[in-house]
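In our numbering, the protein residues as written are 1 to 500.
Even glycine gets a Cβ: it sits at the ideal position worked out from N, Cα and C.
Just so we're clear, the structure is a prediction, and the values are computed from it rather than from any experiment.
The next block holds one structure in the form of structure tokens; read it before the comments.
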């Protein structure tokens, strides 16, 4: 064991014990954070507008702080971007994390000196929890790679601007930098195909121990490595590779494909980072769900999914949630986000400790007929049948078809790229549809009531989704294909990739 791994091991065990300890005080920690951030921000522009001075309880908090998304709060964000201080949080942010918006175009999410530890310490906590449980600190005796966006930063006034994954590259502690690949120069390449080739060249002969990244782009990295070397598995290239850290999308659709490419089982750690905050992480690599980050500068609220667009939705703090209910996630934080609708749906799989899973996006659903199908349902149905029939799924998306060309009943149209198309696609589709009916009573009623016909699966040619993403200029980095659309904007562009 090397010096670095020897030093890391006891510290990781200490951090793991600390996390276990604070997971038991989550309720009090959350209320303490609420009072702390309100007190810190009471003299900011939004603190004055929302009358933070007169907030002393959660009931008063909900009365003073409305639920808003980025577009609703844009007037405050614009003031910060223009260089005004003390708007959402005391002083000015250290960075703006640039991300894609909807009606607002580019979004600039502030990262303050107070909020940066949430991002950096949580990433550390996820890895150290794993090391604390397994003792596997040897990952630090070799190389680590994070497939990320470009670390090149721009400036707006005195504030640096970039993608979150690129910003994080600048905050990695010095002791970990000499383990990290690729080089800064390679990481700055914008063209994903060129960048991937350069990453392969730089990593090919390295003693790779840990790989981190969004699963679809890690698949591409694996493929390029195997193609370059002519090897059968990633394990043949990196014999000491032992940990894969992932986040950003549901891992289940990629699990079997990645395992087959590696050559055997691999320890995995799931994380839930976002530009707005590092929400949760897998504190126990053998347990379901991700530990909610209740002691890291974020005060969480939860709105039942069916009420998210209601005029006066029910708002709950951590002590009021229930298991197996879908909630829209609201965050209030020391980054200066208040009543902020992050856009994700989550579900608690445990209340002791508070562990969650992401079930979809608030705006990514199908409810053309009132069925309100969410991402978790389509993923469970497709991957459940694929697992039974030993079929690999590369990528997929689902959209409603309201006016079929044959004038028949509407249906849900599933565009699926398989690694090999099921021999009996009709039987495969029926099984998926039955699981959908079991999961979603509204969908079942529409099928039984002859409002909808059963779903149809359209198999796509190899690399269809990559070609689609490249055409959209979103190949690589942290970009991902939406699983669900309530319209046919994606579906119409994928029709040209159908097999046959």
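Environment of residue i [buried if 16+ CB atoms lie within 10 Å]
i, result
"residue 24", "exposed"
"residue 501", "Look at the range of the chain in this structure, 1 to 500, and you will see that residue 501 is not part of it."
"residue 162", "buried"
"residue 69", "buried"
"residue 442", "exposed"
"residue 139", "buried"
"residue 376", "buried"
"residue 83", "exposed"
"residue 310", "exposed"
"residue 276", "buried"
"residue 144", "buried"
"residue 194", "exposed"
"residue 48", "exposed"
"residue 12", "buried"
"residue 500", "exposed"
"residue 475", "buried"
Residues near residue i by beta carbon distance below 6 angstroms, same chain, minus five either side
i, result
"residue 103", "Per-residue confidence for residue 103 stands at a pLDDT of 45, beneath the threshold of 50, marking its modelled position as unreliable; no derived number is given."
"residue 386", "393"
"residue 51", "64"
"residue 490", "397"
"residue 292", "280, 354, 356"
"residue 53", "42"
"residue 2", "141"
"residue 321", "302, 348"
"residue 169", "151"
Beta-carbon proximity of residue i to residue j, cut-off 8 angstroms
i, j, result
"residue 95", "residue 160", "yes"
"residue 124", "residue 334", "no"
"residue 444", "residue 437", "yes"
"residue 342", "residue 287", "no"
"residue 305", "residue 345", "yes"
"residue 460", "residue 498", "yes"
"residue 256", "residue 392", "yes"
"residue 486", "residue 400", "yes"
"residue 8", "residue 137", "yes"
"residue 314", "residue 325", "no"
"residue 242", "residue 209", "yes"
"residue 282", "residue 271", "yes"
"residue 213", "residue 146", "yes"
"residue 80", "residue 88", "yes"
"residue 177", "residue 189", "no"
Own chain residues within Cβ distance below 7 angstroms of residue i, not counting five before or after
i, result
"residue 433", "454, 455"
"residue 379", "250, 252, 253, 483"
"residue 395", "216, 417, 465, 481"
"residue 16", "128, 129, 132, 133"
"residue 371", "440, 442, 443, 446"
"residue 412", "366, 398, 400, 455"
"residue 155", "161"
"residue 142", "207, 208, 209, 240"
"residue 10", "none"
Same chain, Cβ closer than 8 angstroms to residue i, five either side skipped, listed in chain order
i, result
"residue 232", "226, 263"
"residue 492", "none"
"residue 285", "129, 130, 133, 134, 267, 268, 269"
"residue 222", "234, 258, 261, 262"
"residue 265", "259"
"residue 308", "328, 341, 362"
Residues that DSSP places opposite residue i in a beta bridge
i, result
"residue 123", "DSSP lists no partner for residue 123."
"residue 355", "291, 350"
"residue 484", "398"
"residue 332", "299"
"residue 97", "109, 162"
"residue 345", "360"
"residue 414", "398, 457"
"residue 270", "246"
"residue 277", "274"
"residue 326", "347"
"residue 340", "68, 331"
"residue 144", "180, 210"
"residue 156", "159"
Chain D contact for residue i (CB, 8 angstroms cutoff)
i, result
"residue 384", "Reference to chain D is not applicable here, since this structure consists of a single protein chain."
- request: Report yes or no: do the stretch 295-310 and the stretch 106-124 share at least 3 C-beta pairs separated by less than 8 angstroms?
  value: With the cut-off at 8 angstroms, the stretch 295-310 and the stretch 106-124 touch.
query: So does the stretch 23-37 actually touch the stretch 150-157, counting three or more Cβ pairs closer than 8 angstroms?
result: Not touching, per the Cβ criterion.
query: Using 8 angstroms as the threshold, is the stretch 357-371 in touch with the stretch 422-430, meaning 3 or more CB pairs across them?
result: Because the criterion of three Cβ pairs below 8 angstroms is not met, the stretch 357-371 and the stretch 422-430 do not touch.
message: For the stretch 382-392 against the stretch 405-424, do three or more pairs of beta-carbon atoms, one drawn from each stretch, fall closer than 8 angstroms, so that the two count as touching?
response: At 8 angstroms Cβ cutoff, the stretches touch.
query: Between the stretch 82-98 and the stretch 106-114, do three or more beta carbon pairs fall short of 8 angstroms?
result: Contact holds: three or more Cβ-Cβ distances are below 8 angstroms.
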